[in-house]
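Here is the structure we will look at.
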Amino acid sequence: MVEFKAGKRERAPTHPGLLIREIIEQELQLSISMAAQRIHVSRQALHAVLSGKAAVSPEMALRLARLFGKQPDLWLRMQQAHDLWHAERALAETLSQIEPIAA
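To convert, count from 1 in the sequence shown and add 979; that's the working numbering.
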């Protein structure tokens, strides 16, 4: 049986909300409420992302990309790396029991 090995990274990738919060508060000097208004979402929805309690959705990534003048895939790649790291660890035992099919 082949043993599943989770990614080599020891520390979880940063949730994109932490970087987004930094940009909003420090670089743009906006309150969370003002940023939420500018991207047409509720303060609660934006706060959930910034606190790491909610994922950056494709819709949120598009809104943030427009606000910041960056590409939306940046936020989605960060979110994917964060989610995948956690999923690998949560499923490590189960994944180690799955026998790969030889190509």
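Where a beta carbon is used, it is the ideal one built from N, C-alpha and C, also for glycine.
Quick caveat: nothing in here was measured; it's all calculated off a predicted structure.
Secondary structure of L1007 (DSSP, three-state): coil.
With a cutoff of 8 angstroms on beta-carbon distance, I999 and I1011 are scored as not near each other. Going by DSSP, T993 is part of no alpha helix (DSSP H) at all; its letter is neither H nor E. Between V1028 and M1039 the beta-carbon gap is near 6 angstroms, inside 8 angstroms, which marks them as a contact. Contact check for G1048 against G996 fails: the beta carbons are separated by 8 angstroms or more.
For P1037, the uninterrupted alpha helix (DSSP H) segment begins and ends at P1037 to F1047.
At least 8 angstroms separates the beta-carbon of Q1050 from that of A1034.
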